Amino acid sequence: MLELDFEIAPDYREFRDTVRQFLQSHLSERLRFGARATPTVFAEPEIAREWQAILFDRGWLAYNWPREFGGTGWSPVERYIFERECALSDAPGLPVLGLKLLAPVLCHYGTPAQQTHYLPKILSGEHYWCQGFSEPGAGSDLANLRTTAVKNGDHYRVNGSKIWTTHAHFADHMFCLVRTDSSVKAQRGISFLLVDMKQPGVRVRPIVTLAGDHEVNEVFLDDVRVHETDLVGAEGQGWTIAKFLLENERGGSCHAPKLLADIRRLRSDASREPADDGGTLILDPLFASQLAKLKLEAQALEITELRILEQLDNGQRPGPQTSIVKLVASDVRRRIDALAMSAFGYAGLQLETHRPLYGPIVPAAIYNRGAQVAAPRYLNSQAWAIFGGSNEIQRNIIAKTVLML
Ligand SMILES: Cc1cc2nc3c(=O)[nH]c(=O)nc-3n(C[C@H](O)[C@H](O)[C@H](O)COP(=O)(O)OP(=O)(O)OC[C@H]3O[C@@H](n4cnc5c(N)ncnc54)[C@H](O)[C@@H]3O)c2cc1C
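Residue numbers (this note's numbering): 21 to 425.
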């Protein structure tokens with residue numbers, strides 16, 4: 021198999037070694053185990069919050085925030101190295117909805133009072149956020165959303181429902197898009213509100229997916245009160261803010277480090293997995309060439325992601341490149357998980373043991389082999405083509421903005 025890895029430039033080796041040592045000494049087996057056993061993008065809050073607190077204490081949690089709001093001041097390459105080392109060390113995912121989606125919005129569009137109130141609580145983990153954008157009939161066509169917010173004195177009264185709301189059952193706050201004006205063009209009548217979910221009128225109903233996970237929900241809002249100070253930006257500016265947020269969701273985070281770490285892990289598992297001819301699976305030319313192709317594609321993605329990070333750092337908006345990242349990342353993700361399923365065969369179908377936090381405890385040695393989590397990961401990875409805006413919609417964006425079709 022072709023082995024070609026990007027070398028870290030000498031200037032960054034000291035930084036990489038510092039991060040690596042920190043991860044080695046602070047990532048407990050419990051945290052690594054929790055990360056390895058996670059079939060979805062989101063780690064269980066129990067695991068994610070424990071890791072969040074450790075990074076918070078070290079001052080490394082807000083590594084993608086501007087420095088004046090508590091960011092680390094790392095260069096794009098340093099941020100990338102950090103993500104890469106975390107992926108290689110099996111660090112759990114962080115609660116991204118607050119840390120990586122809402123926080124940049126508040127830094128950019130929030131009032132000083134919103135920044136002072138919310139940002140420290142996102143960092144400390146006191147607030148756990150979910151994202152209320154999609155509605156029945158308003159997913160790809162998000163501008164069609166119908167949840168209304170009507171001003172009544174110094175409050176809005178919010179009525180409507182949201183769907184596919186990830187981790188709403190854990191969240192105490194939701195940032196959401198609402199319609200504040202029905203008399204103007206659809207996009208112009210949308211506003212961005214911060215909703216306290218611990219109040220009467222908010223109801224969360226679970227949706228259990230094909231993989232057996234309870235990750236997404238329906239959220240019903242019945243005369244829910246939101247103080248006017250929890251409007252982000254101006255009334256009617258919600259669409260612009262949503263586009264800013266979605267660009268971060270699609271391209272602001274780095275997917276390649278995790279994909280490359282998973283390819284490496286699959287390769288190591290396949291070096292032990294017996295093949296039909298009595299050898300090991302990695303010696304099967306078809307398997308090895310599929311894995312090598314995936315690795316090359318993930319490395320190409322790595323370069324695009326680094327370029328986007330640099331653009332963001334220079335204050336440029338990456339635009340349609342984020343759609344390309346989303347398309348490639350979701351495609352490689354799904355193919356890695358499909359290859360893992362084919363590699364592990366029957367052992368990959370042990371669906372009932374994939375959730376150590378909820379289900380029976382299985383010795384870590386078994387989890388170290390990717391088999392036990394292969395089926396739920398494979399099923400869950402299909403969602404990559406849908407969330408953050410479906411792949412068909414990303415292709416439309418690329419056709420319009422890059423190919424000018
Ligand atoms: C696991 C998961 C987690 C999610 N988490 C969240 C969350 O936390 N918060 C949130 O707000 N939303 C969330 N979503 C919702 C997600 O953003 C929407 O599902 C997505 O935008 C697609 O919308 P839809 O489901 O309404 O599908 P539709 O828009 O109805 O699309 C159905 C199909 O038609 C295709 N299609 C639609 N319009 C076009 C077009 N113009 N051209 C070509 N094809 C088209 C789509 O690609 C898709 O294949 C999540 C979704 C999933 C699967």
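Yeah, the Cβ is synthetic: ideal placement off N, Cα and C, and Gly gets one too. Only a predicted model underlies this, so the values are computations on that prediction, with no experimental measurement involved.
From what residue to what residue does the alpha helix (DSSP H) around I413 run?
411-421
Ignoring anything shorter than 3 residues, give me the beta strand (DSSP E) runs that lie fully in the stretch 135-205, in order along the chain.
149-152, 168-172, 175-183, 193-199
May I ask you to report which of helix, strand or coil DSSP gives L425?
coil
Enclosing beta strand (DSSP E) for L214 [first to last residue]:
210-216
In chain order, what residues of the same chain lie with their CB nearer than 7 Å to the CB of E440, ignoring the 5 residues before and after it?
The chain is shown from 21 up to 425; residue 440 falls before or after that span and cannot be answered.
Out of curiosity, what's the CA-to-CA distance linking E325 and D174?
43 Å
Could you spell out where the alpha helix (DSSP H) holding P65 opens and where it closes?
65-78
Could you tell me whether the Cβ atoms of I74 and A55 are closer together than 8 Å?
no
With 16 other CB atoms within 10 Å as the buried threshold, where does I328 fall?
buried
If I follow the unbroken beta strand (DSSP E) through P59, where does it start and stop?
Premise fails: P59 is in no beta strand (DSSP E) and is neither H nor E.
Please confirm whether any heavy atom of ligand 1 lies closer than 7 Å to the CB of V236.
yes
Between the beta-carbon of V215 and the beta-carbon of V178, is there less than 8 Å?
yes
CB-CB under 8 Å to A385, same chain, minus the five flanking residues each way: which ones, in chain order?
For A385, the pLDDT reaches just 38, beneath the cut-off of 50, and the residue's location in the model is therefore unreliable, although a value from the coordinates is still provided. Contacts found: none.
Which residue marks the beginning of the alpha helix (DSSP H) containing A306, and which one marks its end?
Per the sequence shown, residue 306 should be read as Leu rather than Ala. Note, L306: alpha helix (DSSP H), 305-333.
How close, in whole Å, do the beta carbons of L197 and L165 come, if the pair is a contact with beta carbons under 8 Å?
6 Å
For the stretch 241-261 against the stretch 75-91, do three or more pairs of beta-carbon atoms, one drawn from each stretch, fall closer than 8 Å, so that the two count as touching?
no
With DSSP as the reference, label N8 as helix, strand or coil.
Outside the shown range of the chain (21 to 425) lies residue 8, about which nothing can therefore be said.
For ligand 1, is there a heavy atom less than 7 Å away from the beta-carbon of C127?
no
Between Q135, L230, I183, P132, which has its C-alpha nearest G157's C-alpha?
I183
For ligand 1, is there any heavy atom lying closer than 7 Å to the beta carbon of W149?
no
Kindly indicate which residue of K218, R292, E98 has the alpha-carbon position closest to the one of D37.
E98
By alpha-carbon positions, which one of L311, V61, F53 ends up nearest to H275?
V61
Take every Cβ of the stretch 306-321, pair it with every Cβ of the stretch 348-357, and state whether three or more of those distances are shorter than 8 Å.
yes
Let me know the secondary structure DSSP gives L251 once reduced to three states.
strand
Classification of A419 by the beta-carbon crowding that lies within 10 angstroms, buried from 16 upward:
exposed
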